[in-house]
Amino acid sequence: MDYKMILLPFLISVILTPLVKQYSIYCGAYAKENKRTVHHGKISRIGGVAIYLAFIITMAIFVKADRQIKGLVIGSSIMFFTGLIDDLIDIKPLVKLTLEVIAAMVLIYFGVSVDIIRLPLGIQIDTGIISFIFTIIWVAGITNAVNLIDGLDGLAGGMSVIVLVVIGSIAIIERRSDLLSIAFILAFGTLGFLVYNAHPASIFMGDCGSLFLGFMISAISLLGFKSSTILTLALPILLLMLPIIDTLSAILRRTLKGMKFMEADKSHIHHLLMRQFGHRNTVIIMCGLTALFGLSAFAYMINRNIGFLVMVIILLAVEIFIEKSAMISEKFHPLIGLWHRIQRKSRKIFKKVG
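For reference, each letter of the sequence shown is one residue, going 600 to 953 in my numbering.
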């Protein structure tokens with residue numbers, strides 16, 4: 600891989616981000632302070648412009664666009680401009696969701712979707728209409744998952760860089776030069792933005808950045824694993840496990856509280872961690888966990904037993920944190936409740952034996 604392909608997006612992003620900050624002064628694109636935010640003062644919320652331009656310019660110079668890449672660029676551009684409009688004038692959640700579905704349909708039209716799932720014993724599932732539905736749910740789900748974790752300085756960007764680097768590294772093993780180029784161009788474009796977005800951030804990526812990154816990660820995953828075994832299909836899910844868990848927890852939490860699905864709150868994983876560990880440490884912890892999930896994917900490719908054990912341990916740790924922090928509900932504690940029941944029964948057995 601040409602080093603210029605990763606150096607250029609980084610430099611473009613580093614140069615453009617301060618210019619975007621200056622432009623924000625004139626257009627009033629500042630993050631608004633409310634009960635959910637953790638920042639103070641006027642901070643630009645359209646930093647995603649630098650990430651998007653760094654990606655598009657580098658792709659135009661170095662990558663030859665085939666039909667699928669054209670679909671990826673068009674769909675991601677729809678998401679970027681959707682987020683940018685929302686950053687500037689605010690649009691309704693239903694409108695954003697509709698545009699996410701349209702962007703997903705663009706991917707499908709250009710041939711980016713899961714076609715065949717190969718299961719053990721030679722079983723194949725040619726998904727047909729299920730492919731259409733799965734692709735839309737996958738794209739909308741991952742896009743919103745990344746958007747939801749964009750609550751702390753450097754969090755969404757840092758986690759996205761880790762996910763993209765892992766996907767790019769897997770692409771090296773799978774000899775997918777197209778995926779390697781796309782993943783690393785986007786990763787280094789985001790890394791350039793993180794120079795200014797790390798805590799304490801002087802600029803936020805905004806919805807134009809988080810929706811663009813979320814869409815790109817979901818699309819790259821589909822592009823890389825479109826005809827796959829159940830294992831390779833699970834790899835992108837594993838890499839995005841934290842935002843997926845956070846999104847599902849938010850849906851359950853808001854449903855139990857009688858809130859609307861799109862209604863924001865301050866009970867996401869990063870909010871709960873920040874209360875105990877602080878801003879910077881929370882970002883490090885979540886990025887570290889994402890890296891561990893990525894390493895477990897590589898471990899599974901080398902030794903399935905070790906890789907699976909690492910995955911289970913990490914997932915158990917996350918589940919226990921969710922239950923102890925009452926992230927979903929004060930009454931939601933299946934694992935802890937099970938452990939307490941086992942302890943009580945063990946005591947009764949020991950008493951009888953004694």
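Glycine included, C-beta positions come from ideal geometry on N, C-alpha and C. A quick note: this is a predicted structure, and the numbers were derived from the prediction, not measured.
At the C-beta level, Val700 and Gly670 stay beyond 8 Å of one another. In the displayed model, Tyr629 falls within a strand according to three-state DSSP.
Between Val762 and Thr657, the C-beta gap is not smaller than 8 Å, which leaves the two residues out of contact. Between Asn743 and the set Ile690, Leu847, Leu606, the nearest pair of CA atoms involves Leu847. Ranking Ile819, Asp752, Val760 by CA distance to the CA of Pro799 puts Asp752 first. Excluding the 5 residues flanking it on each side, Ile919 has same chain C-beta neighbours closer than 8 Å at Leu934, Ile935, in chain order. Counting along the chain, His878 sits inside the alpha helix (DSSP H) bounded by residues 878-901. Collapsing the DSSP output to three states places Ser712 in coil. For Val619, same chain residues with a beta-carbon under 8 Å away, outside a window of 5 residues either side, are Ser643, Ile645, Gly646, Val648, Ala649, Ile802 in chain order. CA-to-CA, the gap between Val613 and Trp938 works out to about 50 Å. Residue nearest to His878 within the set Asn796, Gly791, Val694, Val672 is Asn796 (criterion: CA-CA distance). Judged by beta-carbon spacing, Leu747 lies beyond the 8 Å limit of Ala818, meaning their Cβ atoms are not closer than that value.
Checking the DSSP bridge columns, you'll see Ile802 partnered with Ser643. If you look at Val672, you'll find it in the alpha helix (DSSP H) that goes 666-688.
Judged by DSSP in its simplified three-state form, Gly727 adopts coil rather than helix or strand. In the three-state reduction of the DSSP assignment, Asp749 falls in the coil class, being assigned neither a helical nor a strand state.
Residues of the same chain with a CB within less than 8 Å of the CB of Lys930, apart from the 5 flanking positions on each side, do not exist. Of Phe792, Thr854, Met704, the smallest CA-CA separation from Ser675 is found for Met704.
A contact is defined here as three or more CB-CB pairs under 8 Å, and the segment 601-608 meets this definition with respect to the segment 783-791. The beta carbon of Ala653 lies closer than 6 Å to those of Pro608, Ile611, Ser612, Gly788 in the same chain, with the five residues before and after it left out. Thr881 and Ser945 have their C-alpha atoms spaced approximately 37 Å apart. In the pairwise beta carbon analysis, the segment 900-914 is classified as not touching the segment 849-859: fewer than three pairs are separated by under 8 Å. Counting the other CB atoms within 10 Å of its CB gives Ser776 a total below 16, which places it among the exposed residues. Taking C-alpha positions only, Gly887 is separated from Val917 by approximately 13 Å. Going by beta carbons, Ser759 and Val745 fall inside the 8 Å limit. Ala755 sits in a helix when the DSSP states are folded into three classes. The straight-line gap separating the alpha-carbon atoms of Ile655 and Val672 is approximately 8 Å. Assignment of Ala770 by DSSP, reduced to helix, strand and coil, places it in the helix class. In this structure, His870 sits away from Leu754, with a CB-CB distance that is not shorter than 8 Å. If you draw a straight line from the Cα of Lys951 to the Cα of His932, it is about 29 Å long.
Cβ neighbours of Ala628 within its own chain (closer than 7 Å, five residues either side excluded): Ser643, Arg644, Ile645, Asp686, Leu687. Under a 10 Å Cβ-count criterion, Gly727 is classified as exposed, with fewer than 16 other Cβ atoms of the shown protein chains found around its own Cβ. Nearest to Thr734 by C-alpha distance, out of Ser820, Ala898, Leu839, is Ser820. In the three-state reduction of the DSSP assignment, Gly906 falls in the helix class, which pools H, G and I. Residues of the same chain with a CB within less than 7 Å of the CB of Gly757, apart from the 5 flanking positions on each side, are Leu793, Val882, Cys886 in chain order.
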